[in-house]
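Protein chains: 2
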Amino acid sequence: MKDRPVQPSRATIIDIAKAAGISYSSVSRALNGLKGVSEDTRRKVRDIAEGMGYFPNAVAQGLVRRRTGTLGLIIPDITNPFYPELALGVEERASREGLCTFLCNTDYDPKKEKTYIKTLLEKQVDGIILAPISGTANLFEERHNMPLPCVYLGNAPENTKYSYVVTDNVRGGYLAARTLIEKGYRRIGFVSGSEGGSAVDERHSGFVEAMRRYDLPVREDDVRREDWRLQSGHEIVSRMIDSKDHPEALIAGNDLLALGIILGIREKGLKVPDDMAVIGFDDIPTASFPGIDLSTIRQPKIRMGEAAVEIILDLIASGDGGDKSPRRVIMDPELVLRSTC
Amino acid sequence: MKDRPVQPSRATIIDIAKAAGISYSSVSRALNGLKGVSEDTRRKVRDIAEGMGYFPNAVAQGLVRRRTGTLGLIIPDITNPFYPELALGVEERASREGLCTFLCNTDYDPKKEKTYIKTLLEKQVDGIILAPISGTANLFEERHNMPLPCVYLGNAPENTKYSYVVTDNVRGGYLAARTLIEKGYRRIGFVSGSEGGSAVDERHSGFVEAMRRYDLPVREDDVRREDWRLQSGHEIVSRMIDSKDHPEALIAGNDLLALGIILGIREKGLKVPDDMAVIGFDDIPTASFPGIDLSTIRQPKIRMGEAAVEIILDLIASGDGGDKSPRRVIMDPELVLRSTC
DNA sequence: CTGAAAGCGCTAACAG
DNA sequence: CTGTTAGCGCTTTCAG
C-alpha cells in the first residue's frame with residue numbers, strides 16, 4: 002500500500018476543467034483570451050487556475066501551434082568583448098516579443114557551428130541568428146533550404162540568399178583612413194587578422210580607396226594581416242618600430258588589435274598619437290576606458306542585434322521560410338574620436 | 002486545382018515507417034538505438050531517414066519524455082565583464098551534455114528576474130541557474146517549491162534550501178587585506194557598492210578580520226560603500242585624495258571599481274602602487290590588460306559556471322526536485338598579483 | 001523482433 | 001456559449 006505523496010506534477014487544463022465542471026477546451030479558450038466563453042466562465046477558470054498554481058506547458062503548446070517562441074543565437078565566443086552587446090540586442094528585443102533565446106557558443110569551431118544549427122532545428126526554434134566565424138562558409142545554404150527564418154549577423158557570406166545585418170565595412174575603413182588623413186597623417190598602415198571573411202577585406206578596401214582619393218601611396222610594408230589577437234598587434238607594431246621606418250598612423254582591423262598596438266608603442270617609449278596615431282574598429286567597452294581612450298569606428302552592436310530579431314519577426318509574420326524575400330540591413334559605422342588620433 | 006508545392010514540412014517517423022513498410026514504433030526504436038529491432042531493419046531505417054533528411058522533433062520528444070534538454074541561465078547583464086565567463090562555463094558544460102541554454106538577461110530588474118523564472122518553467126527547462134541581482138531575494142523559495150533542479154550562481158541568499166555555487170568571499174576579502182598588509186601597507190581602505198547581498202558583506206568582513214588579526218585599525222572614513230560603477234571608484238578616490246588624508250592602499254569590491262580607482266589616482270598625478278596601492282576582486286579580462294595590470298582576487302568564473310551545470314545534472318539524475326538534497330559548492334578565490342600592489 | 005494502441009498537454013475545427 | 005473530436009510527433013507499454 003504505497004502512500005508516498007503523488008509527484009506534485011503541475012496542474013493541467015484538464016484538472017482545471019474538472020474543478021470547474023466544464024470541458025477542457027473551454028478552459029483553453031478562457032485562458033487564451035479567445036472569444037466564445039462567457040465572462041463568468043472565464044473568471045471562474047482564471048480563479049481556479051490561479052488557485053492551482055497553473056501555468057501552461059509551452060512544449061505542448063509548441064507542438065500543436067508549430068511555434069515554440071524560441072530563437073537560436075550562434076556566436077563564436079561570448080567572452081570576446083564584441084559579442085555580448087550583440088547578444089544583448091538580440092536577447093532584449095526577443096524577450097520584448099515573448100521569445101526566449103538559446104545562447105550557442107561555438108568557440109570558433111566550424112564543427113560546433115554546424116552541430117548547433119542542427120540542434121536548433123530539432124528544437125524547432127522559430128528562427129536562427131548566426132554570427133558566423135568566417136565570412137566565407139555559407140552555413141545556411143549548405144543545408145539545402147533552411148525551413149525557418151534565418152539571418153546572418155555581423156558578417157555574411159558574399160552572395161547569400163539569406164537575410165543579414167552587417168555594418169558598412171567599406172565605409173568604415175574609408176572613414177578611418179579619411180579621419181587620419183585629414184588630421185595630417187600621410188603614411189598610414191593597416192593591421193588586421195587574415196581570416197574573417199569579407200568584413201576585413203571590405204575594411205581594407207575602404208582604406209585603400211581613401212588613400213587613393215587623397216593621392217596617398219599605400220606601402221606594402223605598412224599593411225600587415227596576421228591574426229586578431231591583442232598580442233599580435235603588440236608584436237607587429239614592435240617590429241615596425243624596430244625597423245626604424247614605420248608609418249605615422251595605423252588603422253587596426255578591430256579594437257583588440259588596436260589595444261595591442263597602443264601597448265607596443267608605449268612600451269617602446271613612444272607616444273600615442275604624437276609618435277604614432279592609432280584608430281580601431283568596433284568600439285568595444287575597453288576602448289572607452291579612460292587611460293586607453295581609443296579612437297575607433299563603432300559598429301552599432303546593440304542595434305544590430307535588435308535588427309536581426311526584427312528581421313526574424315518579419316519573416317515569421319510573412320510566413321517566409323527564410324530565403325524567399327531576404328532582408329538586407331547595412332548599418333552605418335560611426336566615427337568615435339578619442340585621444341589616439 | 003491548386004498545385005503549389007506542398008509546404009516542405011519535415012519528414013516524420015511516420016513517413017519513414019511508410020517508406021520502410023514497417024510500423025512507426027519500430028522506426029522509433031531503430032532511431033533511438035533501443036533493442037528490439039533487427040540490425041537489418043535498423044540499417045534500413047537509418048538509410049531511409051538520412052535519405053529523407055529526417056531529424057527528430059525535440060518538442061514532441063520533450064512532451065512525452067518530460068525532459069526538454071534545455072537549461073535556463075538568468076543573469077543581470079551579459080555586458081558586464083563578470084558574466085560572459087560565467088555564461089561560457091555554463092554553456093560549454095551544458096552543450097557537452099547535449100543541453101541547450103536559454104540566455105536570460107534581466108538588466109538588473111527584479112521584475113524581469115521573476116518573469117523569466119516563470120517563462121522558463123513554462124518552457125519546461127530541465128533546470129534553472131540563477132545569478133541573482135541581489136543576494137537577499139530568495140527567488141526560488143518565493144515560488145513555493147520549485148518543481149525542478151535549481152541552483153544559485155555567484156551569489157546566494159543566506160539560508161536558502163536550494164543549491165548554490167559561490168566563491169568564498171570572506172576568504173577573498175581576507176586574502177586581499179593580508180596581501181596588502183604583508184607588503185607593508187598599514188592604512189587600508191575598502192570601497193564597494195552598497196547593494197549586492199551577502200557577497201559584499203562577506204568580502205568586507207574578511208577584510209576587517211585580517212585587519213584585526215594584524216592589529217591594524219579600520220578607519221571609518223576609509224570604508225566607502227556607494228555603488229558598483231567604474232565612475233564611482235573614480236569619484237571616491239578623487240575625494241579621498243583631495244582630503245589630503247587618504248589610505249595607503251585600497252581594496253575594491255570588484256574590478257570595475259578598482260579600474261575607476263586607478264584612473265582617479267593617476268589623474269591626480271599620483272602613482273600606483275607607490276602613492277596608493279589597489280587590489281580588485283573578480284579578475285575580469287580588462288584587469289590583465291597590460292597598461293592596467295590590476296592585482297586582484299580571482300573568482301574561478303568558468304569553473305563556477307561548469308559546477309552549476311554539474312549540480313543540475315546531478316539533481317536530475319537523482320530525480321530530486323531541487324530542494325531535497327541541495328549541493329553547496331564554495332570555490333576558493335585566487336590571489337592574482339600584478340603591478341598595482 | 002514487431003505492431004497496435006495509449007497517451008504527453010494543448011489547440012482548433014466542428015457540431016450542437 | 002460550450003462540448004466533442006482530432007490530432008501535433010513521438011515514446012512506451014502491451015500483446016503477439
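Here the protein sequences line up with chains H and C, keeping their order.
Start counting the first sequence at 2; every next residue gets the next number (this note's numbering).
Start counting the second sequence at 2; every next residue gets the next number (this note's numbering).
All C-beta atoms in this analysis are idealised placements derived from N, C-alpha and C, irrespective of residue type, glycine included.
Being a predicted model, the structure only gives us computed values, none of them experimental.
Inter-residue Cα distance where the pair is residue i and residue j
i: L217 (chain C); j: L89 (chain C); result: 40 Å
i: S29 (chain C); j: R43 (chain C); result: 10 Å
i: K325 (chain H); j: N160 (chain H); result: 14 Å
i: I331 (chain H); j: R299 (chain H); result: 14 Å
i: K124 (chain H); j: H247 (chain H); result: 54 Å
i: A211 (chain C); j: L176 (chain C); result: 8 Å
i: G288 (chain H); j: S233 (chain C); result: This sequence places Ala at residue 288 (chain H); Gly is not what is there. Each residue's alpha carbon lies about 19 Å from the other.
i: T297 (chain H); j: Y55 (chain C); result: 47 Å
i: V7 (chain C); j: L64 (chain H); result: Its pLDDT being 34, under 50, V7 (chain C) is placed unreliably by the model, and nothing is read from it.
i: E307 (chain H); j: N81 (chain C); result: 19 Å
i: D223 (chain C); j: L122 (chain C); result: 45 Å
i: A318 (chain H); j: E311 (chain H); result: 10 Å
i: R204 (chain C); j: R179 (chain C); result: 13 Å
i: R11 (chain H); j: F103 (chain H); result: 25 Å
i: V38 (chain H); j: Y25 (chain C); result: 39 Å
i: I134 (chain H); j: G198 (chain H); result: 9 Å
i: A61 (chain H); j: V209 (chain C); result: 54 Å
i: I130 (chain C); j: T120 (chain C); result: 14 Å
i: A59 (chain H); j: R68 (chain C); result: 13 Å
i: L181 (chain H); j: S206 (chain C); result: 52 Å
Rounded Cβ spacing between residue i and residue j (contact assumed at less than 8 Å)
i: P291 (chain C); j: L264 (chain H); result: 5 Å
i: D127 (chain C); j: L72 (chain C); result: 6 Å
i: D169 (chain C); j: G194 (chain C); result: No, D169 (chain C) and G194 (chain C) are not in contact; Cβ-Cβ is about 20 Å, not under 8 Å.
i: A132 (chain H); j: G155 (chain H); result: 5 Å
i: V273 (chain C); j: I266 (chain C); result: 5 Å
i: P301 (chain H); j: E335 (chain H); result: 7 Å
Chain H residues whose Cβ lies nearer than 7 Å to that of residue i
i: C101 (chain C); result: F103, T120, K124
i: G63 (chain C); result: V60
Opening and closing residue of the alpha helix (DSSP H) in which residue i lies
i: N170 (chain C); result: 170-183
i: V330 (chain C); result: Taken as a continuous stretch (DSSP letters only), V330 (chain C) belongs to no alpha helix (DSSP H), being part of the beta strand (DSSP E) at 329-332.
i: A308 (chain C); result: 302-318
i: T42 (chain H); result: 40-52
i: A200 (chain C); result: 199-214
i: T116 (chain C); result: 111-123
i: L87 (chain H); result: 84-97
i: E268 (chain H); result: 256-268
i: E348 (chain H); result: Outside the shown range of chain H, which is 2 to 342, sits residue 348 (chain H), and nothing can be said about it.
i: V65 (chain H); result: 59-66
i: D238 (chain C); result: Here the sequence assigns Val to residue 238 (chain C), which means Asp is not the residue at that position. Where V238 (chain C) is concerned, the enclosing alpha helix (DSSP H) stretches over 231-243.
Host beta strand (DSSP E) of residue i (start-end)
i: G281 (chain H); result: 278-283
i: G194 (chain C); result: 189-194
i: T297 (chain H); result: 297-299
i: Y153 (chain H); result: 151-154
i: V224 (chain H); result: 224-227
i: L74 (chain C); result: 71-76
i: F103 (chain C); result: 101-106
i: A253 (chain H); result: 250-253
i: E159 (chain C); result: Unbroken run through E159 (chain C): none, as it is neither H nor E.
i: L35 (chain H); result: Careful: L35 (chain H) lies outside any beta strand (DSSP E) and carries neither H nor E.
i: L336 (chain H); result: 335-337
i: G128 (chain H); result: 128-131
Proximal chain H residues relative to residue i, where beta-carbon distance stays under 8 Å
i: F56 (chain C); result: K119, L122, E123
i: E93 (chain C); result: N106, D108
i: R267 (chain C); result: G292
Interface residues of chain C facing residue i [CB-CB closer than 7 Å]
i: L264 (chain H); result: P291, G292
Under 9 Å by beta carbon: chain H residues contacting residue i
i: L260 (chain C); result: F290, P291, G292
For this session: Scan the region 109-134 of chain C for residues whose Cβ lies nearer than 7 Å to a Cβ of chain H and list them as they occur along the chain.
Result: Flagged, chain order: K119, T120, L122, E123, K124, Q125.
For this session: Could you please tell me which residues of the region 69-91 of chain H, in chain order, have their CB closer than 7 Å to any CB of chain C?
Result: Against chain C - using a Cβ distance shorter than 7 Å - the residues of the region 69-91 of chain H are T69, I79, T80, P85, E86, A88, L89.
Exercise. Relative to chain H, which residues along the region 279-300 of chain C have a C-beta separation below 8 Å, given in chain order?
Worked result: From the region 279-300 of chain C, only P286, T287, F290, P291, G292, I293 have a Cβ closer than 8 Å to chain H.
For this session: Please list the residues of the region 10-31 of chain H that have a C-beta atom closer than 7 Å to any C-beta atom in chain C, keeping them in chain order.
Result: From the region 10-31 of chain H, only R11 have a Cβ closer than 7 Å to chain C.
For this session: Give, in chain order, every residue of the region 134-149 of chain C whose Cβ lies closer than 9 Å to some Cβ of chain H.
Result: Result list: R144, H145, N146, P148.
Exercise. Listed from N- to C-terminal order along the chain, which residues in the region 301-323 of chain C have their beta-carbon within a distance smaller than 7 Å of any beta-carbon of chain H?
Worked result: So nothing in the stretch comes that close.
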